[in-house]
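Residue numbers (the working numbering): 137 to 472. We put the CB at the ideal spot given by N, CA and C, even for glycine. Fair warning: this is a prediction, and the values are worked out from it, not measured in the lab.
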Amino acid sequence: MSGALLADIGGTNARFALASSDPAVPALLPDSVQVFSVADFPSLADAARHYLDRIGASPTDAVFAVAGRVDGDEARITNHPWVISAERTRIALGLTQLRLVNDFAAQAMAVSLLQPSDVVPIGGVRWNGWSGDGDRTYAIIGAGTGLGVGALLRRDGRYYPLQTEGGHVSFAPGTPEEIEVLQRLSGEFGRVSNERLLSGSGLVNLHRALSQIAGEDPGPLQPQDITAMAREGDVRCLRAIDVFCAVFGAAAGDLVLTLGAWDGVFLPGGLVPKLMPWLAHSGFRQRFEHKGRFSPTMARVPTLAVTHAQPGLLGAAALAARHAPVAAPASEVSAG
């Protein structure tokens, strides 16, 4: 096997693949994708070595997209204890070059390669793909172990992925019920960010707060317990998912306003596929559009759930093909 080594590292899973050796067509090599639990390895280097030994590959270059802020040579995974040094990891794996990028730089670059068949519109506004040669601005917000936020700008035929820590902006309640939720969570956490609600642990926080408001003790639960009980008709779990989707829509709409992302917002992340049975019929789109004097403008902006199996790895392949330095807050990548 040949091609650059790719990784998409979150707080729960470490995904690896090899990139196609053709830089003109960024893609993942067939059958090279493998997924491991980050809890099974003491370091990223150990997980990557395990992957390379399993598939028998010896790449020279790598792009690792990590769910945390990249600061020079170092990255800290926000929702996992790993601290990653690019240079020490490069040496441990015998690589010539290793680049660390924020995971939402990779998610943003994946958007440049997605087709309409890789997304499902939430609401009635469809996306026609990369038609025409004009400038575009897209927002990316994805719920998984944490809440990732980024953007992709196309200017004069070049792509600029913006990596941010926008998942940690303050939660702004929009209903009396959400104000009560905020009061409960602020008593527990102090400051309450959007990630405290819009993530796997956030869904648990939200369910617990709603249960406490109702005078109930839900006991210890995992996100999958809540979605499973919702499928069985549990009223409290269904309400937690409804509020989650509404807050998700409001946050996505706020991001579009902040970035001027009138061309659309993409919704990747591990939680999105699990919530698809409810997302389209929830308050997501209503809260997304409900932006006062800008509501008519928001009604024309597509909201797109990403169904591509590995968008983070696909974006890492795009970055590997273009050899773009993206450790800074904004990076310039040739569209080819």
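Test item: CB-CB of residue i and residue j under 7 Å
{"i": "L403", "j": "A441", "result": "yes"}
{"i": "M245", "j": "L455", "result": "yes"}
{"i": "H343", "j": "I362", "result": "yes"}
{"i": "G265", "j": "I276", "result": "no"}
{"i": "V256", "j": "T394", "result": "no"}
{"i": "L165", "j": "G192", "result": "no"}
{"i": "A181", "j": "T225", "result": "yes"}
{"i": "Q446", "j": "V174", "result": "no"}
{"i": "P354", "j": "S347", "result": "yes"}
{"i": "L249", "j": "L450", "result": "yes"}
{"i": "R212", "j": "V206", "result": "no"}
{"i": "A150", "j": "F172", "result": "yes"}
{"i": "L339", "j": "F384", "result": "no"}
{"i": "V288", "j": "V247", "result": "Per the sequence presented here, residue 288 reads as Leu, with Val not at that position. In this structure, V247 lies closer than 7 Å to L288 by Cβ."}
{"i": "P159", "j": "A386", "result": "no"}
Inter-residue Cα distance where the pair is residue i and residue j
{"i": "G204", "j": "Q233", "result": "20 Å"}
{"i": "S157", "j": "F307", "result": "43 Å"}
{"i": "A350", "j": "Y274", "result": "39 Å"}
{"i": "L374", "j": "G293", "result": "44 Å"}
{"i": "G302", "j": "I377", "result": "22 Å"}
{"i": "A464", "j": "L231", "result": "Below a pLDDT of 50, predicted positions are generally treated as unreliable, and A464, at 41, falls in that range; no measurement from the model is reported."}
{"i": "L321", "j": "T148", "result": "23 Å"}
{"i": "H417", "j": "A452", "result": "33 Å"}
{"i": "P217", "j": "S267", "result": "42 Å"}
{"i": "W398", "j": "G208", "result": "32 Å"}
{"i": "W414", "j": "Y187", "result": "35 Å"}
{"i": "R372", "j": "P252", "result": "35 Å"}
{"i": "V229", "j": "Q319", "result": "Reading the sequence as shown, one finds Leu at residue 229 and not Val. Going from the Cα of L229 to the Cα of Q319 covers about 48 Å."}
{"i": "G260", "j": "A388", "result": "16 Å"}
{"i": "A341", "j": "A382", "result": "Looking at the sequence provided, one finds Asn at residue 341 rather than Ala. Approximately 15 Å between the Cα atoms of the pair."}
{"i": "A222", "j": "T311", "result": "44 Å"}
{"i": "Y296", "j": "L411", "result": "30 Å"}
{"i": "M137", "j": "G400", "result": "For M137, the predicted structure reports a pLDDT of 47, less than 50, and the residue's modelled location is therefore unreliable. A value from the coordinates is still provided. Distance between the alpha carbons of M137 and G400: 37 Å."}
{"i": "M434", "j": "G396", "result": "10 Å"}
{"i": "L236", "j": "R185", "result": "17 Å"}
{"i": "F177", "j": "A183", "result": "6 Å"}
{"i": "P461", "j": "V202", "result": "Unreliable placement is indicated for P461, whose pLDDT of 37 sits below 50; no coordinate value is reported for it."}
{"i": "G323", "j": "A153", "result": "42 Å"}
{"i": "W263", "j": "G284", "result": "22 Å"}
{"i": "R190", "j": "D167", "result": "12 Å"}
{"i": "E210", "j": "E352", "result": "43 Å"}
{"i": "V305", "j": "T214", "result": "15 Å"}
Outcome for residue i when other beta-carbon atoms lying within 10 angstroms are tallied against a minimum of 16
{"i": "P359", "result": "buried"}
{"i": "E331", "result": "buried"}
{"i": "P432", "result": "exposed"}
{"i": "S194", "result": "exposed"}
{"i": "F200", "result": "buried"}
{"i": "G336", "result": "buried"}
{"i": "I227", "result": "exposed"}
{"i": "P162", "result": "buried"}
{"i": "G270", "result": "exposed"}
{"i": "R429", "result": "exposed"}
{"i": "A366", "result": "buried"}
{"i": "T300", "result": "buried"}
{"i": "R290", "result": "buried"}
{"i": "T196", "result": "exposed"}
{"i": "F325", "result": "exposed"}
{"i": "A466", "result": "The predicted model places A466 with a pLDDT of 39, which falls under 50 and marks its position as unreliable, so this point remains unresolved."}
{"i": "A364", "result": "exposed"}
{"i": "R327", "result": "exposed"}
{"i": "G419", "result": "buried"}
Within-7 Å CB hit, residue i to chain D
{"i": "L357", "result": "Within the model displayed, chain D is absent; a lone protein chain is all it includes."}
*Taking one C-beta from the region 138 to 149 and one from the region 427 to 445 each time, how about it: are there three or more such pairs within less than 8 Å?*
no
_Under 8 Å: do the region 403 to 412 and the region 269 to 284 share three or more Cβ pairs, one atom per stretch?_
yes
_Could you check whether the region 423 to 430 touches the region 236 to 255, counting it as contact only if at least three pairs of C-beta atoms, one from each stretch, sit closer than 8 Å?_
no
*For the region 340 to 393, which segments carrying the beta strand (DSSP E) assignment without a break, of at least 3 residues, lie completely within its bounds, in sequence order?*
none
*Considering only residues of the region 282 to 317, which uninterrupted beta strand (DSSP E) runs meet the minimum length of 3 residues and lie entirely inside it, listed in chain order?*
283 to 291, 294 to 299
*Within the region 195 to 248, ranges of the alpha helix (DSSP H) (whole runs, at least 4 residues)*: 222 to 229, 239 to 247
*What runs of the alpha helix (DSSP H), each 4 residues or longer, lie entirely inside the region 417 to 468?*
420 to 425, 431 to 434, 447 to 458
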